[in-house]
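Report on the following structure.
In mature numbering (1 follows the signal peptide of the UniProt record, and there is no 0), the protein residues as written are -16 to -1, 1 to 326.
Now the structure itself:
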């Protein structure tokens, strides 16, 4: 519990801070930062096994705890983004590609909380953002089962223990590749205006991969599935905070990212026992893998439908073709932004 609390307090603020420092290349910089997750999965999976054999599980946990303590040193180097000179009444706010300048006036803490977070007209209450939170929760549920049971599934199919553990390293390597390459694609000129729509395609591909796992009896096919799963998992990981920020706008992006990652963590409590129970009842891995795959697919479908409903019935579009206005910022350049209902 304390490990999860500590990681949560570090992760969400760091992701939001990256967007503040690099508003123009937010996808790429966030992808590079989050690729450390894949590095840890790739390196620590075999190292942890060796540490357990040499120092027992107690020594392994002590060494891993010492590594995590370096987070405090890294946090000491974090700094707030530099503020540009402005009048006392205004200051710029740029986050995840947003170039809008917002008014910052003297409010007390209570008025800020009420006006920013409990306004029913806020984008945080738009149905597409609420369904996005649900979709991220479903995605999290579907992804945790293959990560937990792919090694034991390989072992029960006759794969040696060392080779089975290597599957996690493959997932870690391809997670890094997915973080970097998909974030680079999202920042490219032809796709940067469609970042919100980047969620559904990669999640559908991830669902297809999980649905193929029950028929993966050979080690070669398992490697293929873990390669595809690792890449899609890394790509979907980088998409989550970027899409959250785009749905609500730069002003409320930190709050949105926190809410999304809160929903992302809840399935980690319920997915492992449910999947373990299904494995025990059915005496196999087919049912939990199929259930996870269909849940992931459903998450992509409901979110994409919410975007269609927002465009057709509410007049909010997240693509540059329809319902997008060109607004001239105070610096004199043209910017594109969705028609949020504020």
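Beta carbons: idealized from backbone N, C-alpha and C, even for Gly.
Taking the alpha-carbon positions, what's the residue 130 to residue 202 distance? Your numbering for residue 130 matches position 146 in the chain shown. Your numbering for residue 202 matches position 218 in the chain shown. Cα-Cα distance, rounded: 16 angstroms.
Three-way DSSP call (helix, strand, coil) for residue 137 in this model: For this step, residue 137 is matched to residue 153 along the chain shown. Correct three-state label for residue 137: helix.
At 4 residues or longer, and completely inside the stretch 124 to 171: list those alpha helix (DSSP H) runs for me, N to C. Taking 4 residues as the minimum length, the alpha helix (DSSP H) runs contained wholly in the stretch 124 to 171 are 145 to 171, in order along the chain.
Going by C-alpha to C-alpha distance, which of 158, 122, 239 sits closest to residue 279? Here residue 279 is taken as the residue at index 295 of the chain shown, counted from 1. Among 158, 122, 239, the Cα nearest to that of residue 279 belongs to 122.
Measure the Cβ-Cβ separation of residue 230 and residue 179 and say whether it is below 9 angstroms. Counted from its first residue, the chain shown places residue 230 at position 246. Counted from its first residue, the chain shown places residue 179 at position 195. Taking the C-beta atoms as reference points, residue 179 is found nearer than 9 angstroms to residue 230.
Residue 213 beta carbon less than 9 angstroms from that of residue 134: Locating residue 134 in the chain shown gives position 150, where the first residue counts as 1. Locating residue 213 in the chain shown gives position 229, where the first residue counts as 1. In this structure, residue 213 lies closer than 9 angstroms to residue 134 by Cβ.
How many angstroms separate the CA atom of residue 113 from the CA atom of residue 161? Translated into positions along the chain shown, residue 113 becomes position 129. Translated into positions along the chain shown, residue 161 becomes position 177. If you take the alpha carbons of residue 113 and residue 161, they lie about 28 angstroms apart.
So, are the CB atoms of residue 243 and residue 117 less than 9 angstroms apart? Along the chain shown, read from residue 1 onward, the residue named residue 243 stands at position 259. Along the chain shown, read from residue 1 onward, the residue named residue 117 stands at position 133. For residue 243 and residue 117, yes; Cβs fall inside 9 angstroms.
Boundaries of the alpha helix (DSSP H) in which residue 264 is found, first to last residue: Sequence index remark: in the chain shown, residue 264 carries index 280 (1-based). Where residue 264 is concerned, the enclosing alpha helix (DSSP H) stretches over 251 to 266.
Please indicate yes or no: does the CB of residue 215 lie closer than 8 angstroms to some heavy atom of the ligand GDP? Absent from the structure shown: the ligand GDP. Ligands present: none.
For residue 236, the three-state DSSP class (helix, strand or coil): The sequence position of residue 236 within the chain shown is 252, counting from 1. For residue 236, the three-state secondary structure derived from DSSP is helix.
Would you report the Cα separation of residue 175 and residue 169, rounded to the nearest angstrom? Here residue 175 is taken as the residue at index 191 of the chain shown, counted from 1. Here residue 169 is taken as the residue at index 185 of the chain shown, counted from 1. Those two C-alpha atoms are separated by around 7 angstroms.
Nearest by alpha-carbon distance to residue 210: which of 220, 223, 196, 57 is it? Taking the chain shown and counting its residues from 1, one reaches residue 210 at position 226. The shortest Cα separation from residue 210 among 220, 223, 196, 57 belongs to 196.
Same chain, Cβ closer than 6 angstroms to residue 125, five either side skipped, listed in chain order: By 1-based counting over the chain shown, the position of residue 125 is 141. Excluding residues within five positions, the ones whose Cβ falls inside 6 angstroms are 251, 255, 279.
Which one of 238, -7, 207 has the shortest CA to CA distance from residue 54? Residue mapping note: residue 54 aligns to position 70 of the chain shown, counting from 1. Considering only alpha carbons, the answer is -7.
Looking at residue 224: is its Cβ nearer than 9 angstroms to the Cβ of residue 292? Mapped onto the chain shown, residue 224 falls at position 240. Mapped onto the chain shown, residue 292 falls at position 308. No; because the gap between Cβ atoms is not below 9 angstroms, this pair is not in contact.
Here's the rule I'm using: 16 or more other beta-carbon atoms within 10 Å means buried, otherwise exposed. How should residue 265 be labelled? In the chain shown, the residue the question calls residue 265 occupies position 281. Exposed, by the Cβ-count rule.
Continuous alpha helix (DSSP H) stretch holding residue 180: start and end: To locate residue 180, count along the chain shown from 1; it is residue 196. Looking at the DSSP string, residue 180 is not in any alpha helix (DSSP H), and its letter there is neither H nor E.
N- and C-terminal bounds of the alpha helix (DSSP H) containing residue 281: By one-based count along the chain shown, residue 281 stands at place 297. Per DSSP, residue 281 belongs to the alpha helix (DSSP H) from 270 to 296.
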